[in-house]
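Q: My questions all concern the structure below.
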Amino acid sequence: MPTDPVVPARWTDLRPRLLSALGLIVVGLGAILGGGVWFQMLAVFCTAVMIWECWIMIHPDRPTPGMLLAALTASVISGLLSVDRVWLVPFLLIAPVIGMLAARRERLTFGVFALMIQAAGWGLVVFRQDYGATWILWLILVVVVTDVAGYFAGRALGGPKFWPKVSPKKTWSGTVAGWIAAGAVGAAFAAAGAGGWGLVVFSMFLSLAGQMGDIAESALKRRMGVKDSSALIPGHGGLFDRFDALLGAAVTMLLVDLLFDWPGSAF
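Residue numbers in the sequence shown follow this note's numbering, run continuously in steps of one, and reach 256 at the last position.
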């Protein structure tokens, strides 16, 4: 009788990862193209869930405060989308500060990550509203191709580890492959007239920012002694595991926009 082919161990998680990624792509692309309330609802939901995941990594025995913080986060972000940006800092500090007061350990850790998660979620919505679907697609594609290229290059080529004490699976081959893939995305958008050729370098910079977001979440998981932030997404873990790189890139993009206005058309 024919037997199923033996799949090398390093590729055993590929099928569930691909299926889960396909579902995320369909939902995400629909929300991005729909814009408005659809993208807002998705961003608010994901932000709230990631706050909950951050909490349960630190306090797995106390899920209720995490759920309340998630609900508070959803309310804060939803309210923030309807007020002037001058209220950015006070609103974004509400959930992190309350969480720090409720936490019994790692108070500063939770506060910093909660603030970054909220800033990224809010920033993505504002970025979509102000600059349209084209630039949000560019940002997300930079993060996605960085992850995909890094995954396949790292698994296929191996080699020296990028930061073994924090993320033992991440290799230099995968890291550099991610930069190259992100540069290719920038080149494609520049060739299509979305920006100048400096967008190639800036895309690679955002790729690095996304990788640092991934590294930061890996450091948190190692510190807390957990493999995944949750088990919501087959093959990927939780939303925090899936979107950690996007958080790093989104926070960086938010800072660029706040400090200089979005310079995409000037590249």
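For each residue, glycine too, the CB sits at the ideal point set by N, CA and C. Quick caveat: nothing in here was measured; it's all calculated off a predicted structure.
M193: which of A171, V134, G187, G148 sits nearest, CA to CA?
A: Position 204 of the sequence shown, counted from the first residue, corresponds to residue 193. The shortest Cα separation from M193 among A171, V134, G187, G148 belongs to A171.
Q: Could you compute how far the alpha carbon of T62 sits from the alpha carbon of R231?
A: Counted from its first residue, the sequence shown places residue 62 at position 73. Counted from its first residue, the sequence shown places residue 231 at position 242. Answer to the nearest angstrom: the Cα atoms are 19 Å apart.
Q: Buried or exposed: D136, going by 16 or more other Cβ atoms within 10 Å of its Cβ?
A: On the sequence shown, position 147 is the one that residue 136 refers to. Note on D136: 16 or more other CB atoms within 10 angstroms of its CB, so buried under the neighbour-count rule.
Q: Just mark M242 as buried or exposed, buried being the case when its beta carbon has 16 or more other beta carbons within 10 Å.
A: The count along the sequence shown starts at 1 and reaches residue 242 at position 253. Buried is the call here.
Q: Enumerate, from N- to C-terminal direction, the unbroken alpha helix (DSSP H) stretches of 4 or more residues contained entirely within the region 140 to 210.
A: 161 to 180
Q: Can you give the Cα-Cα distance for I40 and P52, rounded to whole angstroms?
A: Counted from its first residue, the sequence shown places residue 40 at position 51. Counted from its first residue, the sequence shown places residue 52 at position 63. I40 and P52: Cα-Cα distance of roughly 12 Å.
Q: Is DSSP giving G55 helix, strand or coil here?
A: Residue mapping note: residue 55 aligns to position 66 of the sequence shown, counting from 1. Looking at G55 - three-state DSSP - the assignment turns out to be helix.
Q: Less than 6 Å between C-beta atoms, sequence neighbours within five positions excluded: which residues of the same chain meet that for F80?
A: The residue labelled residue 80 in the question sits at position 91 within the sequence shown. The residues are V65, L69.
Q: Taking Cβ to Cβ, would you say V155 is nearer than 8 Å to I204?
A: To locate residue 155, count along the sequence shown from 1; it is residue 166. To locate residue 204, count along the sequence shown from 1; it is residue 215. Taking C-beta atoms as the reference points, V155 and I204 count as a pair closer than 8 Å.
Q: Need the endpoints of the alpha helix (DSSP H) that R93 sits in, please.
A: One-based indexing of the sequence shown puts residue 93 at position 104. It is not in any alpha helix (DSSP H) - R93 carries neither H nor E in the DSSP assignment.
Q: To the nearest angstrom, report how far apart G60 and G110 are at their CA atoms.
A: Taking the first residue of the sequence shown as 1, we reach residue 60 at position 71. Taking the first residue of the sequence shown as 1, we reach residue 110 at position 121. Reading off the sequence, residue 60 comes out as Ala, not Gly. Taking the straight line from one Cα to the other gives about 14 Å.
Q: Would you mind giving the Cβ-Cβ distance between G199 and A142, rounded to the nearest angstrom? I have them listed as a contact below 8 Å.
A: Indexing the sequence shown from 1 puts residue 199 at position 210. Indexing the sequence shown from 1 puts residue 142 at position 153. Actually they are not in contact, since the Cβ atoms of G199 and A142 sit about 15 Å apart, beyond 8 Å.
Q: Quick one, are the C-beta atoms of S207 and I45 less than 8 Å apart?
A: Indexing the sequence shown from 1 puts residue 207 at position 218. Indexing the sequence shown from 1 puts residue 45 at position 56. Not a contact, by the Cβ cut-off of 8 Å.
Q: From the beta carbon of V240, is the nearest beta carbon of chain D less than 8 Å away?
A: In the structure shown, chain D does not exist; there is a single protein chain.
Q: My output table needs one value for G24: the three-state DSSP class, helix, strand or coil.
A: On the sequence shown, residue 24 is found 35 positions in, with the first residue counted as 1. Coil, per DSSP.
Q: Determine whether the beta carbon atoms of P85 and A103 lie at a separation below 8 Å.
A: In the sequence shown, counting from the first residue as 1, residue 85 sits at position 96. In the sequence shown, counting from the first residue as 1, residue 103 sits at position 114. Their beta carbons are under 8 Å apart, which means P85 touches A103 by this criterion.
Q: Would you give the residue range spanned by the alpha helix (DSSP H) that A234 belongs to?
A: Looking up residue 234 in the sequence shown gives position 245. According to the DSSP assignment, A234 belongs to the alpha helix (DSSP H) that extends over 228 to 249.
Q: Within the same chain, show all residues whose beta-carbon is closer than 7 Å to that of T36, passing over the 5 residues directly before and after it, in chain order.
A: Along the sequence shown, read from residue 1 onward, the residue named residue 36 stands at position 47. Once the five neighbours on either side are set aside, the close Cβ partners of T36 are T62, I66, I106, Q107, G110.
Q: Once the 5 residues before and after G139 are set aside, which same chain residues still bring their CB inside 7 Å of it?
A: Residue mapping note: residue 139 aligns to position 150 of the sequence shown, counting from 1. Excluding residues within five positions, the ones whose Cβ falls inside 7 Å are G163, T164, A166, G167.
Q: In chain order, what residues of the same chain lie with their CB nearer than 8 Å to the CB of G100, ignoring the 5 residues before and after it?
A: Locating residue 100 in the sequence shown gives position 111, where the first residue counts as 1. Excluding positions up to five away in sequence, the list reads P85, V86, G88, M89.
Q: Distance check for T160 and Y120, CA to CA, integer angstroms please.
A: Numbered from 1 along the sequence shown, position 131 holds the residue referred to as residue 120. Numbered from 1 along the sequence shown, position 171 holds the residue referred to as residue 160. Rounded to whole angstroms, Y120 to T160 spans 34 Å at the Cα level.
Q: Between L228 and L236, which are expected to be in contact by the criterion C-beta below 8 Å, what is the C-beta distance as a whole number of angstroms?
A: Mapped onto the sequence shown, residue 228 falls at position 239. Mapped onto the sequence shown, residue 236 falls at position 247. So it is not a contact: roughly 10 Å between Cβ atoms.
Q: In the DSSP assignment, what residue or residues form a beta bridge with I222?
A: The sequence position of residue 222 within the sequence shown is 233, counting from 1. Answer by DSSP bridge pairing, in chain order: G226.
Q: To which residues of the same chain is P(-9) closer than 8 Å at the C-beta, ignoring the five residues directly before and after it?
A: If you number the sequence shown from 1, residue -9 lands on position 2. Note on P(-9): pLDDT 46, under 50, position unreliable in the model; no value is reported.
Q: Is V78 helix, strand or coil when you go by DSSP?
A: Within the sequence shown, residue 78 is the residue found at index 89, counting from 1. In this structure, V78 counts as helix in the three-state DSSP scheme.
Q: Indicate the three-state DSSP secondary structure (helix, strand or coil) for D50 in the structure shown.
A: By one-based count along the sequence shown, residue 50 stands at place 61. Three-state result, D50: coil.
Q: Taking the C-alpha atoms as reference points, what is the distance between A176 and D246?
A: As a working note, residue 176 is residue 187 in the sequence shown. As a working note, residue 246 is residue 257 in the sequence shown. Taking the straight line joining both Cα atoms gives about 21 Å.
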